[in-house]
Amino acid sequence: MIKKVLIGALCGAVILTVGILIGNYGITKSGSSAPSWVKDVAKDVDENFIEKFLAEVDNMQIQANLKELTKVPHMATTPGDEQTVEYVLKRWKDPESGLDDAWREEYMVYLSFPDPENPNKVTVVDPSNNVLHTVREKEKSYTPDQLDPEVVQPYAAYSPAGQAQGKLVFANQGKVSDYEKLNETLGSLSGTIAITRYGGAGRAAKAINAAPFGVVGVLVYTDPLEMNDGRMSDENETYPHSWYLPPSGVERGSYNTHYGDLLTPYLAAKEDTYRIHPEDITGLPPIPIQPIGFEDAYKLICELGGPPALDTWQGGFNCTYNYGGPGFKDTSAFNQSDVKLDIHNIEQVKSSANVMGIIRGSVEPDRYVIYGNHRDSWVHGAIDPSSGTSVMLELTRVLGRMVKQKLWRPRRSIIFGSWGAEEFGLIGSAEYTEQYFTRLSERTIAYINVDIAVFANATLKASGMPSVQSVIFKAAKQVSAPGENSISVYDNWIKYSNRTSQTHGTIPRMGYLSGAGSDYAPFVHHLGITSIDMSYTYDRSKTSARIYPAYHTAYDTFDYASRFIDPGFTSHQAVARTAGNILIRLADSLLVPFNCSDYTEILKVYLNHAVTLYKSELQAQNIPMKPLEQAVASFETAANHLEKVIRDSDLANETPLKVRRINDQLMLLDRAFLNPLAFPDKYAFRHVIWASSSAGHPTFPGLADSFVKANTSGLTSDWERVHYHVSVLSQAIEGAANTLVDVI
């Protein structure tokens, strides 16, 4: 009996000892160590990785990319375009440096082309219909590139086919005010042909504005004063001797006012999608329009009769720009002659491809950072868009190789888009956002657009929502500027373009994405996704060029880019490093690197301008601005609160749900500024802060435009529209403020 008791006591002691040991070394030890996923969830951006990335970006690889991409012209849906589709796909599927996955997305889109069998013609004809002068149909060749049979004749995409004939008049930039002045001076423009220069009004607007005055056809040219700093001779002044546009160079372009496929508004242009009738498309030129080179424009404008045009209408030709008689001078060889347009454009529905690629996120794969650039060009497109594509391919090479070698995987998923048919109106990116509207709206952190990566080699230029200012600046400070002075891209940028911030002092001047100039438009204006557009550009103190001179011409070639835009491709490299740095931070940072207080600063600037410009007149019309002032104050309070929450939180040790909540507040901020009814006359513009404006004031666009209209007309209905926009703004800003406060 005693033996059994001793054995039982001993067993009990052993069990107790084992229990204590387990409790001490098992439960306690394992309880104090976090699950394996915690480390991944709490990880933040790795600065050492960013340094490694910056070192890997190779300017010679970018040069090689550009040389390959510009071998042949690659206008949308042409064989050359298909060649670039296959090239990008091959790169993104490379087993050593490719992405996790890559594929093509096809859309059936409505495009406009010149008839290769029946070229467009512009002639001067006498009363007997004898041709006195024929405008050059193709640009002069200086290198074999211009001899490629796939170089498309200069034309105005979406210009209607037809014949127009009449006396010539000079209509400056084709603005409504220009036609009003011309009509007032000449008495009538009925039956005339107008010649206009690029700038001032959109391409299509030059014809849309002309038609109500009775103008039957429009010519467009690039004035050497506004593109070439006055230089005109290809013997020693223009390309191939410099970057300036040769006399026969013609800027092609899309002459439509809406972006996206024109037959499937707000719907993705898949094969079976409902399409409107072509005659129901709005925003297209109602009369024939054709671009020409300035060598021909010189011959026409310098022969015009009539009174001298305004001083502000004079250009770079060594003659007086007259309004036209209408028509030519009595002393001109063209006296009594007409200008005749024979336009034979054809419209076709054709298959256009986006090339998509992805690196899957390790922690938040359902959160996307999208990086995009269009692939199609008008001709060889070395600068527009292949400088951007060559940069994107270098980013994907470096990041893809690191993923393949298991050296890195981003926290969030990265989507790369090589958009098709951008030149015809941002078609590829718009169709993508329409097809995946809900998913992108709910999951996208940001969109980065690098279209023309390098306009020139002087300084960085960046535009975006104010909330991304800080991450752009941080990235720019880490990248060396091209050249021998060894300063950062940030310090170089601030020398060329800066502003004074109440919060930060002197900082580089960022632009805003208020128009639809590139593929950021559907992301910003339609989906309300925080976006960035960036490039390297020129020194504005050294040239007045509207854009790089070979833009949309047959001279935008590898030779042009490598000799005159960025010899050595170090500016391309700087853009790749800066954009890639931003991309990594957006994809990898534990907390999305957006700053709401910077948004506050710009809203207050816009408000101050609105108060100065409009408040007294609005009070006279019994339209209160107090709700708008209160909304901006509410936004400031909410933004400060969220910034304090962030500062006071140790997010790496917080519950992942708190981090996710704050990140969602930051991600969705710009969605709060969307109003689908604010701009019924502007297709796919819903963002009430960054919509385009014609008023020319740095303030809220809808308020600015409606005020100008009401102040001009004096109509009660127009003043009611001003009140409407004050209410839209007030409630959108108040609503955005509510998204930044603690969730209730």
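Under the numbering used here, the residues of the sequence shown are numbered 8 to 751, in order. Just so you know, even glycine gets a beta-carbon here, dropped at the ideal spot from N, CA and C.
In summary, D287 is exposed, with fewer than 16 beta-carbon neighbours lying within 10 Å of its beta-carbon over all protein chains present. A568 and P574 have their alpha carbons spaced roughly 7 Å apart. Contiguous alpha helix (DSSP H) elements confined to the stretch 475-518 occur at 476-484 and 496-503, taking only those with 4 or more residues.
Within the stretch 220-276, the complete alpha helix (DSSP H) runs of at least 4 residues fall at 231-234. Non-local C-beta neighbours of A360 in its own chain, meaning closer than 6 Å and more than five positions away in sequence, comprise V92, R111, E113 and G427, ordered along the chain.
Beta-carbon to beta-carbon, H559 and W385 are separated by about 5 Å, close enough to satisfy the 8 Å threshold. Secondary structure at T706: coil, using DSSP grouped into helix, strand and coil. When only Cα atoms are considered, A437 and Y375 end up about 17 Å apart. In the structure shown, S425 falls within a strand segment according to DSSP collapsed to helix, strand and coil.
The C-beta separation of A276 from M115 comes to about 5 Å, placing the pair in contact by the 8 Å criterion. Taking the Cα positions, D236 is about 26 Å away from L175.
For P663, the three-state secondary structure derived from DSSP is helix. G331 is classed as buried because its beta carbon has at least 16 other beta carbons within 10 Å across all chains shown. Residue burial is scored here from C-beta neighbours: L722 has fewer than 16 other C-beta atoms within 10 angstroms and is therefore classed as exposed. Ranked by Cα distance from K549, the options Q738, Y305, I294 and A465 are led by A465.
With respect to the 8 Å criterion, I350 and A168 are classified as neighbours on the basis of their beta carbons.
The Cβ atoms of G368 and R418 sit closer than 8 Å to each other. The beta-bridge partner set that DSSP reports for A360 consists of E113. Of all C-beta pairs linking the stretch 314-329 to the stretch 65-84, fewer than three are shorter than 8 Å, placing the two stretches out of contact. The beta carbon of A304 sits closer than 6 Å to the beta carbons of Y228 from its chain, once the five residues preceding and following it are set aside; these are given in chain order. Distance from T607 to A638 at the Cβ level is roughly 12 Å; contact not present, criterion being Cβ atoms closer than 8 Å. Assigned with DSSP and collapsed to three states, Y606 falls in helix. Within the same chain, no residue comes within 6 Å of A62 by CB-CB distance, once the 5 residues on both sides are set aside. Inclusion of D51 and L597 in the CB contact set at 8 Å is warranted, their separation being smaller than that value. Looking from the CA of P556, the closest CA among Q343, A482 and F301 belongs to F301. Here V475 is not near H579, since their CB atoms are 8 Å or more apart.
The Cβ atoms of P247 and L270 do not sit closer than 8 Å to each other. By the CB criterion at 8 Å, N263 and P121 fall outside the cutoff. Secondary structure in the stretch 56-124: the alpha helix (DSSP H) runs of 4 residues or longer, each lying completely within the stretch, are 66-76 and 86-99 in chain order.
Minimum Cα-Cα distance from E278 among the listed residues V356, P708, D595 and V695 corresponds to V356. If the five residues before and after V410 are omitted, its C-beta is found closer than 8 Å to the C-beta atoms of L106, D107, I366 and R416, all from its own chain and listed in chain order.
Residues of the same chain with a CB within less than 6 Å of the CB of F686, apart from the 5 flanking positions on each side, are F692 and A698 in chain order. Counting only the Cα atoms, P473 lies some 9 Å from S604.
For D337, the closest of G432, P314, D383 and N660 by C-alpha to C-alpha distance is P314.
In the assembly as shown, G518 is an exposed residue. Its beta-carbon has fewer than 16 other beta-carbons within 10 Å.
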